[in-house]
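Student: Before I ask anything, here is the structure I am working with.
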Amino acid sequence: MAIKKKSEKISASTDAITSSLKETRVFAPPREFAKNAHIKSPAQYQKLWEQSVKKPEVFWGKQAKENLEWIKPFKKVLQWKAPFAKWFTGGKLNASANCIDRHVTAGLGNKAALIWEGEPGDSRTLTYQDLLRETSKCANALKALGVTPGDRVAIYMPLIPETVIAMLACARVGAMHCVVFGGFSSEALADRINDCGASVVITADGGYRKGAVVALKQNVDVAIERCPSVSHVLVVRRTGTLVTMQPARDHWWGEFLGRMSSHCPPYEADSEHPLFLLYTSGSTGKPKGILHTTGGYLLGAALSAKIVFDLKPSDTFWCTADAGWVTGHSYLAYGPLANGATIVMYEGAPNHPDWGRLWSIVEKHRVSILYTAPTAIRACLRAGDSWPAKHDLSSLRLLGSVGEPINPEAWMWYHEVIGGGRCPIVDTWWQTETGSIMISPLPGAIPQVPGSATKPFFGVFPDIVDKNGKPVPAGSGGFLVIRKPWPSMLRTIWGDDERYKQQYWSQVPGVYFTGDGARRDKKGNIWIMGRIDDVLNVSGHRLSTMEVESALVSHKLVAEAAVVGRPDELKGEGIVAFVTLQVGFSASDALRDELKKHVAVQIGALARPDDIRFADALPKTRSGKIMRRLLRDVAAGRNSNQDTSTLEDLSVVAALRADSED
Ligand code: WTA
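Our numbering numbers the first residue of the sequence shown as 555 and each following residue consecutively.
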């Protein structure tokens, strides 16, 4: 069928949000799918949703009992002293026991828990029994390295089974994991380790990416030169690359775990015991350590995995996210494993050795649910239909999307070419802070509209408001907020309760501020319109403009930098940097390349600017504020209708427009 492009124009600002997206196609859940789904009809959804928000404590109390295994039952469902929540107080449980032990006890020990494929084509399958043994050994290894409940363990790994094992082992001993994406630089790693004060780092000698080896251990060595809290490093041998091992500090995973017992009783964690920290970008330069705790987080991940992905014991679930992002926490590891599902994990790049790789994995492992990001879908769309056509994709029954709004063209391609027209698509909106999916169609119950995340999940009470906190009428854009606490919400920003209060609960007093713009159409479907603050969304990953700016300014020749996003067909947003140099230095292509490299070294390759423009000055208001909205228009090559009456020097803009790379 023909795929038609719909025009999409979104412009967001803090004062007014306008949307002219017009999408009218609706895809009802296929009858067969609905018949067997956990939630089968719009009426069933509506009834349960209303119950869940009218009496949240009754709803969540019941779900917590049904979906999790408690060592000690909880006494109270919610203690809410805004904006600080405590869920399931008095209860004790262990997240790793919920993800592994209870399935082994239930007789599923020989079921495949994790099917892994390495980039070079090697593969391993771990049963639930295997996962229990390896996790227990790793847990004992952590104890032997002095890790105690509440300690932080940094995980800087390729996407290999040991990554999930390490996360579960931390949970087993009550330590918090802090997974840092393997694509981040040693600088970014060191900043995160220092912020959380990790005592142990778990890494590998390297990982494969596009046929090359990523030197993870080497990055760790550089990073921890300035991390006094780290006393031990556990290193998985993955690539056989030569690495330096510092005696007494560094230990090989294989040898060290080989000496450990394969029995480790799970730590009896209070429901509010911290489970992990995950760093994400906010609108200031310093990444925030988002804190999630045990009972609430695990319930959110487990219940949403079950209902949104309609998870059944026979499913093979592949979430393509890296463990370094929240999607990798909730839907690669905790959510599906808590449900006793079989997960698929792939180490490498989607185009290695060619663009058929994803589809060959689906065929080989008979994947039934695929959860990926719009940026990957667009890249595959561009590579062409001939790649998926070479493979049998008939095992797929459900598709998911996450990380950024999915444009209708990519949605239709995903639906037709990958899903063969028969698989519902769940466009899931959520955030590192929310811990689990908040807005998404339920695949057997809610009609899907390409480009809309549609309806709130159970227990989630979203609203769209203006800057005074007043709900806006249907069809108008506004700020997306969540009115009631939910179990998997972040508890705070690590070490900074004030920033937590201020960033999330103060913009509109007493409600959670998401930082996203949205609108609701007449049918009640929610359309996410992107960030309204200075956060970029590059390939579905969050980066703050200020983070990139401070990386640029740390270069000795740079005087000042302003960074904005511009629409990018593949990545969603591309990064454009406007730079002024120190007096006496002049711009050149060599310097442009050097600055791009400098940012990649400071933060990681994903932050590398697509375009750097030099100028003698940046456009500022008379009060000295950089006019970002104007720069956004310049970056996108648009004529600007921004009010320039407050601009100090108009010629600056003309100069910036002239210095374009392409
Ligand atoms: C964006 C990723 C539109 C949004 C799980 C959010 C989305 C940010 C969607 C969180 C979606 C995520 N449609 N936008 N389905 N999913 N976003 O913390 O701007 O890495 O605030 O969590 O991604 O990114 P994060």
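C-beta: ideal position from N, C-alpha, C; glycine also.
Kindly list the residues whose CB is nearer than 7 Å to the CB of CYS653, restricted to its own chain and excluding five residues on each side of it in sequence; keep chain order.
Tutor: Closer than 7 Å at Cβ, skipping near neighbours: LEU722, TYR888, LEU891, ALA892.
Student: Quick one, are the C-beta atoms of VAL1035 and THR1068 less than 8 Å apart?
Tutor: Cβ atoms of VAL1035 and THR1068: closer than 8 Å.
Student: Specify whether the segment 770-788 and the segment 746-759 touch according to this definition: at least 3 beta carbon pairs, one from each stretch, less than 8 Å apart.
Tutor: Touching, yes, given that three or more Cβ pairs across the two stretches are closer than 8 Å.
Student: Identify, in the order they occur along the chain, each residue of the same chain with its Cβ nearer than 7 Å to the Cβ of THR689, setting aside the five sequence neighbours on each side.
Tutor: So the qualifying residues of the chain are SER650, ILE654, ILE719, LEU722, ALA723, ARG726.
Student: Quick one, are the C-beta atoms of GLY1031 and MET1083 less than 8 Å apart?
Tutor: Yes, they are a contact pair.
Student: How would you call LYS529, buried or exposed, if buried means at least 16 neighbouring beta carbons within 10 angstroms?
Tutor: The structure shown does not extend to residue 529, since the chain is modelled only from 555 to 1216, so the question has no answer here.
Student: Closest to TRP624 by C-alpha separation, out of VAL787, VAL790, ARG678, GLY849, would be which residue?
Tutor: Of the listed residues, the one whose Cα sits closest to TRP624 is GLY849.
Student: Please identify the residue among THR659, HIS969, TYR710 whose C-alpha is closest to the C-alpha of ASN773.
Tutor: That would be TYR710, whose Cα lies nearest to the Cα of ASN773.
Student: Tell me the rounded alpha-carbon separation between ILE897 and PHE581.
Tutor: So the alpha carbons of these two residues sit roughly 28 Å apart.
Student: Which whole runs of the beta strand (DSSP E) in the segment 773-801 are 3 residues long or more, in chain order?
Tutor: Entirely contained in the segment 773-801, the beta strand (DSSP E) runs reaching 3 residues are, in chain order, 786-790.
Student: Go through its chain and collect everything with a Cβ distance to GLU741's Cβ below 8 Å, but skip five positions before and after it.
Tutor: Result list for GLU741: ALA777, VAL1155, GLN1156, ILE1157, in chain order.
Student: Can you find the residues in the same chain that come closer than 7 Å, C-beta to C-beta, to ARG1211, ignoring five residues on each side of it along the sequence?
Tutor: Within the same chain, ARG1211 has close Cβ partners VAL1188.
Student: Where SER567 and GLU620 are concerned, what is the direct C-alpha to C-alpha distance, given to the nearest angstrom?
Tutor: Because SER567 carries a pLDDT of 38, less than 50, the predicted location of this residue cannot be relied on, and no value is offered for it.
Student: To the nearest whole angstrom, what separates the beta carbons of SER884 and ALA855, a pair I think is in contact under 8 Å?
Tutor: Contact flag correct, Cβ pair sits at about 4 Å.
Student: Name the two residues that bound the continuous alpha helix (DSSP H) containing SER955.
Tutor: Element bounds for SER955: not the alpha helix (DSSP H) but the beta strand (DSSP E), 952-956.
Student: Quick one: what's LEU668 bridged to in DSSP?
Tutor: Note: LEU668 sits in a beta bridge opposite LEU680, ILE897.
Student: Considering only heavy atoms of the ligand WTA, does any lie closer than 7 Å to the CB of ARG1085?
Tutor: ARG1085: yes, Cβ under 7 Å from the ligand WTA.
Student: Measuring only the C-alpha atoms, how far is GLY1126 from GLY1094?
Tutor: The straight-line gap from Cα to Cα measures roughly 7 Å.
Student: How many angstroms separate the CA atom of HIS945 from the CA atom of GLY910?
Tutor: One C-alpha to the other measures close to 8 Å.
Student: Grab the span of the beta strand (DSSP E) containing ILE1080 for me, first residue to last.
Tutor: Here the beta strand (DSSP E) through ILE1080 covers 1080-1085.
Student: Please identify the residue among GLY1078, LYS1110, PRO978, ASP1020 whose C-alpha is closest to the C-alpha of GLY1138.
Tutor: Selected option, being the one with the closest Cα: LYS1110.
Student: Just list the residues that DSSP pairs LEU647 with in beta bridges.
Tutor: Note: LEU647 sits in a beta bridge opposite ALA823.
Student: Compute the Euclidean distance between the alpha carbons of GLY1128 and PHE628, then round it to the nearest angstrom.
Tutor: Each residue's Cα considered, the two are about 47 Å apart.
Student: Please classify MET1181: does DSSP put it in a helix, a strand, or coil?
Tutor: MET1181 falls in the coil class under three-state DSSP.
Student: Quick one: is GLY998 buried, meaning 16 or more other Cβ sit within 10 Å of its Cβ, or exposed?
Tutor: It counts as buried.
Student: Quick one: give me the first and last residue of the alpha helix (DSSP H) that SER1142 is part of.
Tutor: Where SER1142 is concerned, there is no enclosing alpha helix (DSSP H), given that its DSSP letter is neither H nor E.
Student: Relative to the C-alpha of ASP705, which candidate in ARG687, ALA729, LYS691, SER606 has its C-alpha closest?
Tutor: Per the Cα distances, ALA729.
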